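Participant: Have a look at the structure that comes next, please.
2 protein chains.
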Amino acid sequence: MEEKVMYIGTVCELTGLSERQIRYYEERKLIFPNRTKGGVRKYSFEDVANLREINRSLKDGFRTFELRSMLDKRSHGGRKL
Amino acid sequence: MEEKVMYIGTVCELTGLSERQIRYYEERKLIFPNRTKGGVRKYSFEDVANLREINRSLKDGFRTFELRSMLDKRSHGGRKL
DNA sequence: CGTGTAAGGAATTCTGACACG
DNA sequence: CGTGTAAGGAATTCTGACACG
Chain A
1 MEEKVMYIGT VCELTGLSER QIRYYEERKL IFPNRTKGGV RKYSFEDVAN LREINRSLKD
61 GFRTFELRSM LDKRSHGGRK L
Chain B
101 MEEKVMYIGT VCELTGLSER QIRYYEERKL IFPNRTKGGV RKYSFEDVAN LREINRSLKD
161 GFRTFELRSM LDKRSHGGRK L
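Protein sequence lines correspond, in order, to chains A and B. Residue 1 is where the first sequence starts when you use the numbering used here, and the numbers rise one by one after that. Residue 101 is where the second sequence starts when you use the numbering used here, and the numbers rise one by one after that.
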């Protein structure tokens, strides 16, 4: 539960990812940024870490739906490994 | 040396201060945000803590120039108390 | 001195779509 | 499927100034 304080441009700098990639991962339910009243996305440092993990997994051959199902298992089973 | 990741609007939310106050404290050399290429200010969580401290001190009757001289002493003497 | 506000411009982000493969 | 891009609009921030006291 970290604080959602960064805009997408900052997240791009920290992760090296494009805005397109970050928004797409959200569309696939892999990350959940907050929104300002105006609709602007806000991310936490935890989101940044997750984004790196997601991108790395995709490079390793995983698909977004696979990553999503892995997230579901984590939140259910309680085991992380 | 924390990372400068927040825009001023976020800092306002976290501190309860107005943009005006935050920019004014910068003008008085009490905080030092970074800038994006476009000129937008970026703050760290440390800046947020400092801003709260600054505002509290002002309410206690201090002037900005007094707070600045206190900052100078800290960075020189090495003592924090 | 420290802060509020209206003013106009500039930087940043948003959505939906077309493209490639 | 995952990502790039051009398009137009909307949200956010910036500076300099006038105001109060």
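We put the CB at the ideal spot given by N, CA and C, even for glycine. Just so it is clear, the structure is predicted and the values come from calculations on it, not from any experiment.
When the Cα atoms are used, what is the spatial distance from residue 15 (chain A) to residue 52 (chain A)?
Facilitator: 6 Å
Participant: So residue 115 (chain B) contacts chain A; which residues on that side make the cut at Cβ distance below 7 Å?
Facilitator: Ordered by position in chain A, no residue passes the 7 Å Cβ test against residue 115 (chain B), which lies about 12 Å from the chain.
Participant: Give the range of the alpha helix (DSSP H) segment to which residue 46 (chain A) is assigned.
Facilitator: 45-59
Participant: Does any C-beta atom of chain B lie closer than 7 Å to the C-beta of residue 6 (chain A)?
Facilitator: yes
Participant: I want to know whether the segment 14-33 of chain A touches the segment 42-52 of chain A - three or more CB-CB distances under 8 Å.
Facilitator: Yes, they touch.
Participant: What do you reckon, are the CB atoms on residue 173 (chain B) and residue 144 (chain B) nearer than 7 Å?
Facilitator: no
Participant: DSSP has residue 35 (chain A) in a bridge; who is on the other side?
Facilitator: A:41
Participant: State the start and end residues of the unbroken alpha helix (DSSP H) segment that holds residue 30 (chain A).
Facilitator: Counting along the chain, residue 30 (chain A) falls outside any alpha helix (DSSP H), and DSSP gives it neither H nor E.
Participant: Under DSSP, the alpha helix (DSSP H) around residue 114 (chain B) begins and ends at which residues?
Facilitator: 108-115
Participant: Can you give me the Cβ contacts of residue 180 (chain B) inside the same chain, cut-off strictly under 8 Å, excluding the 5 residues immediately before and after it?
Facilitator: Legend: pLDDT at residue 180 (chain B) = 48, less than 50; position of this residue unreliable, value from coordinates given subsequently. Excluding sequence neighbours, residue 180 (chain B) sits near 174.
Participant: Using a Cβ-Cβ cutoff of less than 7 Å, which residues in the same chain neighbour residue 108 (chain A) once the five nearest sequence positions on both sides are dropped?
Facilitator: With chain A represented from 1 up to 81, any question about residue 108 (chain A) goes unanswered, as that position is not in the structure.
Participant: How would you call residue 24 (chain A), buried or exposed, if buried means at least 16 neighbouring beta carbons within 10 angstroms?
Facilitator: Residue 24 (chain A) should be labelled exposed.
Participant: Between the alpha carbons of residue 126 (chain B) and residue 136 (chain B), how many angstroms are there, rounded?
Facilitator: 16 Å
Participant: Could you give the distance in angstroms between the alpha-carbon of residue 64 (chain A) and the alpha-carbon of residue 58 (chain A)?
Facilitator: 7 Å
Participant: If you count every other CB in all the chains shown that lies within 10 Å of the CB of residue 111 (chain B), and 16 or more means buried, which is it?
Facilitator: buried
Participant: Can you look up residue 65 (chain A) in the DSSP assignment and give me helix, strand or coil?
Facilitator: Three-state DSSP puts residue 65 (chain A) in a helix.
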